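This report refers to the structure that appears directly beneath it.
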Ligand SMILES: Nc1ncnc2c1ncn2[C@@H]1O[C@H](COP(=O)(O)OP(=O)(O)O)[C@@H](O)[C@H]1O
Ligand SMILES: [Mg+2]
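Chains as they are written, first to last, in my numbering: chain A, 1 to 360; chain B, 1001 to 1587.
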C-alpha cells in the first residue's frame, strides 16, 4: 500500500489539455475519487498513474519513488477498466491467474490465490466459466478479482459501475467499499456520478476541463462547495442573483440582499465587494415553504408551479421573480399546498453559499 | 380516399409476388450451387452394386492417386505456413506501426491479388526459373550456389511411407501461391487485429506483461479468428488450384487429375476417380470452413461492452526497429511485385536467354496478341460482366431479404449464397459436367458461354452478398418502415428507398465479382474444351505452350493486358469502398 502523489501533472493531446496542473495526494488505504463530467480528464489522470501515458509536465510519486519513467508493466497497479477488459479466450480462472503467472508464482500457490480472490468477490465455483457466460455484475467482479489478486500497490477503478443496471450498481458500490476497507488498499476511483462519489469516497477531487477544482470529504464538497461549478455539479442547487451589502474578508462573511431579505452568509471564499451582483446558491432542502398567512418575516413571495411526489420527499417548483426554484420538503411536512398557490419562502442563511457572478 | 379493402388486396398480392421471388432465387441457388455438389457426392458413392465405398477403395488402392492426395495436402499446408509466416507479422506492422510511406506499402503488398497465380507463374519464369535472374545472380555472380535451384518446377520428397507412398512437395507451387495469397492472410489478420479492444492489451500490461509474452498470450489469441479465416481461404484455394500446377507441369495434383479425366466424361464413360476427388475436396473445404467458423463465433464476444474511449494503439518505431520494418517491407514489396515485373519484361523483351534483364525490347508480342486475343478478351469481358450483373441482382436481393428477415429460411439462403467462397472452382466445373452434360441450354460442350457465365456468377456471388450485407447494416430500418407505414409496398420501398442507398455498395461488389470472374481459372479450364467461345485465361494458357519460341512472351503480353483491366477495376472499388474494402476478402 502506498501514498500516491501527483505534483503539477499536465497532459496534452495536441491542442487539448486533458489534464492541467493537477495536484493531489492520496493517503495510504484511502478511497480517493476523481469526480467530474465526461471528458474532464479523469480517465487520462488514471492512465497517467497506471503509466499508459507519460506526463508532459509534473511528477507522479508512489510513496517517495518517482514513477514518471517506470513503464506500466512495472508499476504494480491493479486497474479495472470501464469495459472490464476480460479476455474472451480465457476462462475466469485464467483471467485471474494471468498476473500471478507473470510473477513466477508456483502453480499450487496460483491456484490457492485465485481461489481466495474469487471467493473474496463472491465468485466461488465460477472459475471455469468463460466471460461471455457471466452476467455484467459477475464480469465486473472477475475484473476486480484479477486486479486485486496481484496485491497491487494501488487499485485503479475507471467508472467500474457504469455498465451495470441501477439496482446492481447500488449493491456493487457497497461491496467495493467494504472490500476496499477490509483490504485497506489505496484506491483511486473514477466516476461521473456525484451520488456514487459522495457515498463511496473518503475524499473526492472534483474535476472540470482538466483542472481539479476542489478536494475534500464528501461532506465538505456537498456543504461547502468552493466553486460555482462544484456547487452546480454536486447535488441540486438553486442559483439566485443577489446583491452584496458588505463583505468581511477576515471572517469570510458576507451580507447579501435578496428581495427584501438580508442574509448573513458564512464561508464566502471568493472575494466580493459591496454593491456587487453575486449568485446565491441554495439547495432545495434548505428552502422552506410557508403558507402566506403563517410566514415569518422577512420572506420571498413565490407561486407554486409544479408539485411532484417523489416518495420520501415532495419536490416543488416555485416561481420567484422569473426564476424557477426547486424546493424539497419531507413528505410528513405535506400540507395542502396546491399548484398555482402563492406562498412564502424562507432561507436558512447558514446553508447558503455566495459566488462571484461573472464566473459562470 | 382510397378503398381500404382494395389497398389491402393489392398489398397482399405484392407480398405474394415477393415470396414467389424468394422461392425463385432459392431455386436458382439450389440448382447451380447445391445440386452440383450433391451430384458429385452421389456419383462418387453410387456404383453398379448400389451405394458403396468401392470407388474410394479403388482410388486409394492406386499409389499414384494416393501420392496426389499427399502432394495436394502438403502443398496447401505449406502454402498456409508460408502465407501465415508473412501475413501475421505484416498485419501487426501495418496495423500497429505508424511510419512514413506506410500508405504506399499498404498498396504495394496488395498487388499480388490482381492476377491469377498461374499468370504470375509465367511472370516468374525469368526471375525464379532455372535460368532466371535469381539463379543467375546466385550462381554466376555471387557464386553462392554451384547449381541453380529449380524454384518453380522443383519438387522435394519429404518422407516415404512404405515402399511406394512418397510424400512429394512441389515447392514451386507453394512458392507461387504464397506470393499470390499472403495478402489474404494479411487482410484477415489485420481486420481482426484492428478490432481488438485496446484495453484488453493494456490490462495485460497493467498486470505485468509486455513484449512477446503479451503478444503470445493476448494479442495473438485475439487475432486468431482472422488468422483462421485467412488460412482457410488459402488452404481451399491452393488445394483446388488447377492453373499453377498446370503451368509448372506438376500433375500429381488432385485438380489436375480431374482436369485430365474430363475427356472420359465426354466419351460417355466417366471414371469415378474424378468424383472421388470431388468428394475429398468437398469434405476438406467444409471441414476447414467449420473450423474457421468456430473461431469466428469466438470473435463475436470480443467486444462485450461499449464504454470508455477506444484509444487505438499506434507505435512509432525508431532506429533499428524502423530500419527492420523498412527492409522487410521493401523485400516483401519486391517479392509481391516480382511476377508483375517479370510479366512486363517478358511481354516486351526481344531476346532474354542467359541474362538478368532482357537484351532488347520490342512491341512485337504486344501487337501480335492485341489482335489475336481480342475475341477471347471480348468473351472474358462479356461473360464476366453478365455474371457480375447477375450477382448484383441476386446478391442485393439476398442481403435485403436476410437483413430484413423477410422470408422464412433467410439464413439458409444466406448460407447457400456465401457457400461458394469455400467451394473450390474444380467442384463447380466437375459438378456442372455431372449435372448438365447433354442438358439443353446448359451442356458445357455445346452451350459453353451460358454455363460458363452461370458458373462465374455463382462462384463470385459471395462478393455482392457480402458487400450489400455490409451496406444493408448501415441503412436504418426505420427509413424503410416509414415508407411502408405511408402505404408503399415492399417492392416500391426497396426501389425508392433502399436501392438508392445501397447502389454504391452493389456496384463495388459487382466489380469485385467481375474482376474475379476475369481471373477465374479452375472452372474455365474444366468447362471450356475448345477454342470456340473460350475466354482469355484459356487462350493465355494455350498460347504459352502452343508456340515454343515466343509463347511465353505472348502469354505475358496477354497477362499484362489482364492485369491492367483488373487493376483499373480494383482502383474503382477502392475509391468506392475506401476502408471497407477489406470486407470483400474475408470469410
Ligand atoms: N488518446 C487521446 N487522444 C486525444 N485526445 C484524448 C485522448 N484521450 C483523451 N483525450 C481528450 O482528453 C480529454 C479528457 O478525456 P478523458 O480523460 O477520457 O475524460 P473522462 O474520462 O473524464 O471522460 C477529452 O477532451 C478527450 O477528448
Ligand atoms: Mg473516462
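Ideal Cβ placement from N, Cα and C applies to all residues, glycine included. Computed from a predicted model, the values in this text were never measured in an experiment.
Report yes if the C-beta distance between residue 155 of chain A and residue 121 of chain A is below 7 Å; otherwise report no.
-> no
Are the C-beta of residue 102 of chain A and some C-beta of chain B separated by less than 7 Å?
-> yes
C-beta contact flag for residue 1386 of chain B and residue 1029 of chain B at 7 Å = no
Sorted by chain position, which residues of the same chain lie with C-beta nearer than 7 Å to residue 1573 of chain B's C-beta, five sequence neighbours on each side aside?
-> 1508, 1511, 1512, 1581
Among the residues of its own chain, which have a CB less than 6 Å from the CB of residue 1096 of chain B, if the five just before and after it don't count?
-> 1315
Residue-level contact to chain B via CB, residue 105 of chain A, 7 Å cutoff = no
Should residue 43 of chain A be listed as close to ligand 2, given that the test is whether its C-beta is under 6 Å from any heavy atom?
-> yes
In terms of residues, what are the limits of the alpha helix (DSSP H) holding residue 1260 of chain B?
-> 1254–1260
Does the pairing of the region 1479–1492 of chain B with the region 1431–1447 of chain B give three or more beta-carbon distances under 8 Å?
-> no
If you scan the region 88–112 of chain A from start to end, which runs of the alpha helix (DSSP H) of 4 or more residues do you find wholly inside it?
-> 92–102
Have a look at residue 90 of chain A and residue 1170 of chain B and give me their C-alpha separation to the nearest angstrom.
-> 39 Å
C-alpha gap between residue 206 of chain A and residue 229 of chain A, whole angstroms | 9 Å
Give me the Cα-Cα distance between residue 255 of chain A and residue 223 of chain A, rounded to the nearest whole angstrom.
-> 19 Å
Write down the C-beta distance between residue 201 of chain A and residue 33 of chain A rounded to the nearest angstrom, noting that I regard them as a contact closer than 8 Å.
-> 4 Å
Return no unless some Cβ of chain A is closer than 7 Å to the Cβ of residue 1205 of chain B.
-> yes
Would you kindly check if the distance between the Cβ of residue 1563 of chain B and the Cβ of residue 1113 of chain B is under 7 Å?
-> no
Top-ranked residue by Cα proximity to residue 1467 of chain B, from B:1486, B:1439, B:1505 = B:1505
Would you say residue 1198 of chain B touches ligand 3, meaning its beta carbon is less than 6 Å from a heavy atom?
-> Among the ligands present in this structure, namely ligand 1 and ligand 2, ligand 3 is not found.
Could you say which of B:1348, B:1014, B:1239, B:1101 lies nearest to residue 1522 of chain B if we only look at CA atoms?
-> B:1239
Identity of the residues DSSP links to residue 290 of chain A by a beta bridge = A:344
In chain order, what residues of the same chain lie with their CB nearer than 8 Å to the CB of residue 338 of chain A, ignoring the 5 residues before and after it?
-> 304, 307
Decide if the region 275–282 of chain A is in contact with the region 236–245 of chain A; the criterion is three or more beta carbon pairs, one per stretch, under 8 Å apart.
-> yes
Residue 17 of chain A Cβ short of 6 Å to ligand 1 heavy atom set | no
Determine the direct distance from the alpha carbon of residue 1195 of chain B to that of residue 1424 of chain B, and round the result to whole angstroms.
-> 29 Å
Taking 7 Å as the CB-CB limit, is residue 122 of chain A close to chain B?
-> no
Can you give me, in chain order, the residues of the region 56–78 of chain A that have a beta carbon less than 9 Å from any beta carbon in chain B?
-> 71, 72, 73, 74, 75, 76, 77, 78
Taking 7 Å as the CB-CB limit, is residue 1209 of chain B close to chain A?
-> yes
Measure the alpha-carbon distance for residue 1410 of chain B versus residue 1401 of chain B and round it to whole angstroms.
-> 7 Å
Along the beta strand (DSSP E) that carries residue 20 of chain A, what are the first and last residues, could you check?
-> 16–26
Ignoring anything shorter than 4 residues or poking outside the region 191–274 of chain A, list the alpha helix (DSSP H) runs there in chain order.
-> 194–200, 218–223, 228–233
Residue 1218 of chain B touches chain A at which residues, Cβ-Cβ below 8 Å?
-> 87
When burial is assigned at 16 or more other CB atoms within 10 Å of the CB, is residue 124 of chain A buried or exposed?
-> exposed
Might you give, ordered along the chain, the residues of its own chain that have their beta carbon closer than 7 Å to the beta carbon of residue 1012 of chain B, omitting 5 neighbours on each side?
-> none
Which whole-angstrom value describes the C-beta separation of residue 1157 of chain B and residue 1144 of chain B, a residue pair presumed to lie in contact below a C-beta threshold of 8 Å?
-> Incorrect: roughly 24 Å between the Cβ atoms, too far for contact.
Mind listing the chain A neighbours of residue 1221 of chain B? Cutoff is C-beta to C-beta under 7 Å, in chain order.
-> 89
Please confirm if residue 357 of chain A has its CB atom under 7 Å from at least one CB of chain B.
-> no
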